[in-house]
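Asker: Take this structure, written in structure tokens, and hold onto it; I'll ask about it next.
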Amino acid sequence: MRNFMRIATGVNVTPLMLAIARRPELWTEDTFLRHYPQGPFGMVDSIMLRFPEKVVFEGDDQAEQERKVALYKANQLPGHDQHESTDYPAYAKLPEAREIVMNVFAAVRGERLGRVMINRIAPGGVIYPHEDTPEHCRYYSRFHVVLQSAPGVKFRSEKEEAYWETGAVFWFNNALEHEIVNNSDVDRIHLVMDARCSQ
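Residues in the sequence shown are numbered from 19 upward in steps of one, following this note's numbering.
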């Protein structure tokens, strides 16, 4: 496989899954990704642990909004660094996540921690085909920690498909078109994190 790489197996995700089960309100605390216009995440619940400042261009006409969005995606919008993520309240509420994140960050020789979120796709749910923004993909590497999964979950990156068991950690090439379809009978839950790694 060229678009996926196993990093580790057997990560103990039980403490984090129990903590999430005790805090179900965290799934609806921040719905930015789910409601992002034309975004691929309309069927996904997310717990945002770290994320960049959300930029909203209100008061601009359509052409100006599109111009600013293009600048933001290229990380050229004055006053905004799309690579700078900050801790969200949920990160403090789920200290069990921090241990996993920091262990993965150390294992991949991370130099800067970017976005961190926990995504849940219900049975029958989909993350629609998309590519992540080129500038973001050039800067960060994308890693997943599987918190819960079952056979029937299809994860595609370009023409390659993979299934990852609970406790697995893997890298994948998010610059290519990718999608996830949950054909299993359980929620598919992954911790997703971006790390700027040593070259």
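We put the CB at the ideal spot given by N, CA and C, even for glycine.
Quick check on residue 219: buried or exposed, where buried means 16 or more other Cβ atoms within 10 Å of its Cβ?
Answerer: Only positions 19 to 217 of the chain appear in the structure, and residue 219 is not among them; the question remains open.
Asker: Have a look at residue 42 and residue 185 and give me their C-alpha separation to the nearest angstrom.
Answerer: Translated into the one-based positions of the sequence shown, residue 42 becomes position 24. Translated into the one-based positions of the sequence shown, residue 185 becomes position 167. Their backbone Cα atoms lie some 21 Å apart in a straight line.
Asker: So, for residue 199: in the same chain, excluding its five sequence neighbours on each side, which residues have a beta-carbon less than 7 Å away from its beta-carbon?
Answerer: The residue labelled residue 199 in the question sits at position 181 within the sequence shown. Closer than 7 Å at Cβ, skipping near neighbours: 144 and 172.
Asker: So for residue 70, helix, strand or coil by DSSP?
Answerer: The residue given as residue 70 occupies position 52 in the sequence shown. The answer is strand: DSSP assigns residue 70 an E or B state.
Asker: With DSSP run on the structure shown, which of helix, strand or coil describes residue 140?
Answerer: Translated into positions along the sequence shown, residue 140 becomes position 122. The answer is coil: DSSP assigns residue 140 none of H, G, I, E or B.
Asker: Assign residue 50 to one of three DSSP states: helix, strand, or coil.
Answerer: Indexing the sequence shown from 1 puts residue 50 at position 32. Residue 50: coil per DSSP, three-state reduction.
Asker: Work out the CA separation of residue 203 and residue 132 for me, nearest whole Å.
Answerer: Position 114 of the sequence shown, counted from the start, is the residue given in the question as residue 132. Position 185 of the sequence shown, counted from the start, is the residue given in the question as residue 203. Going by the C-alpha atoms only, they are around 31 Å apart.
Asker: Take residue 164 as the anchor and find which of 34, 19 and 20 has the nearest alpha-carbon.
Answerer: Taking the first residue of the sequence shown as 1, we reach residue 164 at position 146. Of the listed residues, the one whose Cα sits closest to residue 164 is 34.
Asker: With a threshold of 8 Å on Cβ separation, who are the neighbours of residue 72 within its own chain once the five nearest residues in sequence on each side are excluded?
Answerer: Taking the sequence shown and counting its residues from 1, the one referred to as residue 72 is at position 54. Result list for residue 72: 50, in chain order.
Asker: Expressed to the nearest angstrom, what Euclidean distance is found between the alpha-carbon atoms of residue 120 and residue 53?
Answerer: Stepping through the sequence shown from its first residue, residue 120 is reached at position 102. Stepping through the sequence shown from its first residue, residue 53 is reached at position 35. Approximately 29 Å, taken between the alpha carbons.
Asker: State the Cα-Cα distance for the pair residue 44 and residue 69, rounded to the nearest angstrom.
Answerer: In the sequence shown, residue 44 corresponds to position 26, counting from 1. In the sequence shown, residue 69 corresponds to position 51, counting from 1. When rounded, the distance between both Cα atoms is 15 Å.
Asker: Just checking my contact of residue 158 with residue 116 at CB under 8 Å: how many whole Å lie between their CB atoms?
Answerer: In the sequence shown, counting from the first residue as 1, residue 158 sits at position 140. In the sequence shown, counting from the first residue as 1, residue 116 sits at position 98. That pair is no contact at about 19 Å.
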